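For reference, the structure discussed in these notes is given below.
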Amino acid sequence: MTARREFWPLLLAAALLAAYLAVLSRPAEVGERYRLFFIERAVRAWNNGQDPLLRLGERLDFRQELPQRSLDGWSVAEPAGTWTQGRRAGLTLHLAPGENPGRLLLDLEPFLAPQRGLDAQPLIVFLNGQRLGEWAVQGPQTLNLALPPGSGPLLRLRFELPRAQSPRVLGVSPDGRALALRFRWLQIE
Numbered sequence: 000m001t002a003r004r005e006f007w008p009l010l011l012a013a014a015l016l017a018a019y020l021a022v023l024s025r026p027a028e029v030g031e032r033y034r035l036f037f038i039e040r041a042v043r044a045w046n047n048g049q050d051p052l053l054r055l056g057e058r059l060d061f062r063q064e065l066p067q068r069s070l071d072g073w074s075v076a077e078p079a080g081t082w083t084q085g086r087r088a089g090l091t092l093h094l095a096p097g098e099n100p101g102r103l104l105l106d107l108e109p110f111l112a113p114q115r116g117l118d119a120q121p122l123i124v125f126l127n128g129q130r131l132g133e134w135a136v137q138g139p140q141t142l143n144l145a146l147p148p149g150s151g152p153l154l155r156l157r158f159e160l161p162r163a164q165s166p167r168v169l170g171v172s173p174d175g176r177a178l179a180l181r182f183r184w185l186q187i188e
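Reading the sequence shown from the start, the letters are residues 0 to 188 in numbering that gives the first Met the number 0.
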């Protein structure tokens, strides 16, 4: 009889534990404000605050290495800048508190091989998932992009590069990377 009395509390405890574990295993559903305030702050602290924290008018120099956690689809920094590597590149920037961005300046130059039919590099730019525009980059230039109101403080830039090519495949150099654009600097105003 005592074994039967001990069975029910154990069964109840096991059922409660199973329910608790089921709740914990569900993916968290958090809103944008929560993510920006808690999650992004925790990630920055974990990374010792090494994310690019920009103020309006300050340039991000691509001739220097940037924190890897912020980058995706980039080669290493070189004296003239950093090449995109592949057909997509991304960059996450954090603006200083209270900054309200209005423009994005991108100073870049394309990898071209006119003798092989590559006379322009198409570039499609997205900010926080919203398409900002498309350009055919035919030479070194500074692009001036308008940013939608309320874009900051977290800026997730994505660059689509549909004609990234390897110079080796095109027969113009031994470089095997799929190149599209070399970024020299970026500035937010």
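Ideal placement from N, C-alpha and C gives every residue a C-beta, glycine not left out.
Since we're looking at a predicted model, the values are computed, not measured.
According to the DSSP secondary-structure assignment, G132 is paired through a beta bridge with V124. In this structure the segment 120-133 does not touch the segment 169-176; the number of beta carbon pairs closer than 8 Å is below three. Judged by their CB atoms, L160 and R102 are not nearer to each other than the 7 Å cut-off. Assignment of V168 by DSSP, reduced to helix, strand and coil, places it in the helix class. Per the coordinates, the alpha-carbon of T141 lies some 59 Å from the alpha-carbon of L16. Straight across, the Cα-Cα distance linking T83 with R25 is about 37 Å.
Separation of A163 and L178 (C-alpha to C-alpha, rounded to the nearest whole angstrom) is 5 Å.
In the DSSP assignment, L103 falls within the beta strand (DSSP E) that extends over 102-109. Secondary structure at L180: strand, using DSSP grouped into helix, strand and coil. Burial check for A21: the Cβ neighbour count within 10 Å stays below 16, so the residue is exposed. The shortest CA-to-CA distance from L144 to any of L156, G138, P113 is the one to L156. Each residue's CA atom was taken as its position, placing L59 and L52 some 10 Å apart.
Within the model, the alpha-carbon separation for A135 versus F182 is close to 15 Å.
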